[in-house]
Every structure is written in C-alpha cells, then in structure tokens.
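If you want the numbering used here, it's the position in the sequence shown, counting the first as 1, plus 2.
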Amino acid sequence: MPPTRAPFDPPLDLPRIPPGVHLQGDEAALFEVKVVKAYTERFASIRDICAETGRSYGSIHKLLAAHVTFRGRGYAHPTKKGAS
C-alpha cells in the first residue's frame, strides 16, 4: 500500500472534488483561485493540494502552470564565497 501524506495543518480550505466531476464556469474559476492561493500564499505543495482536493497531480500542475511560476525543488543552497 502506498504511503499517505499527512494532512496540511491547518487545512487548506480547498473543496474536495469527486472523481469524474468536471468543473465549469464560476465553480472552476473559484477552484482555480483557491488552488493558486494555497500554492502561493500558504506554500502548499502540489501533492498537498492533490491530497486535499482529490484531483490528480497532473490536473493541479496544469492548472498552476497557467497562473504561477513554480518554486524550485528542495531548499535554498548556500553559495560559495568568491564564486561567480
């Protein structure tokens, strides 16, 4: 059985979308705003957003790609002094 992710604490306040449900119109626009806000302001990972919404990694990645510049992976590495 694959490992499960711990829930984001506090919750991201994102709607859970049942499998097979296609969002349209205002509902889709509101979902996009909430997902972008969770990624940019709450610094949630794509996997955290997937876990809370029930959407696939690919669908969340595609949605975010249209609205944000992705963060780098991992953490900031210190630079060597004198390196250019």
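All C-beta atoms in this analysis are idealised placements derived from N, C-alpha and C, irrespective of residue type, glycine included.
From a predicted model like this one, the values you see are computed outputs, not experimental measurements.
Residue from 13, 9, 19, 25 with nearest C-alpha to residue 55: Counted from its first residue, the sequence shown places residue 55 at position 53. For the options 13, 9, 19, 25, the alpha carbon positioned closest to that of residue 55 is the one of 19.
Own chain partners of residue 22 with C-beta closer than 8 Å, once the 5 adjacent residues on each side are dropped: One-based indexing of the sequence shown puts residue 22 at position 20. Same-chain partners within the cutoff: there are none.
Residue 69 beta carbon less than 8 Å from that of residue 43: Your numbering for residue 43 matches position 41 in the sequence shown. Your numbering for residue 69 matches position 67 in the sequence shown. Against a cut-off of 8 Å, the Cβ pair of residue 69 and residue 43 comes out as no contact.
Ordered list of alpha helix (DSSP H) runs contained in the region 16-59, each at least 4 residues: List check, alpha helix (DSSP H) in window: 27-42, 48-55.
Buried/exposed call for residue 57, threshold 16 Cβ in 10 Å: In the sequence shown, the residue the question calls residue 57 occupies position 55. Burial state of residue 57 is buried, judged by a 10 Å Cβ sphere holding 16 or more other Cβ atoms.
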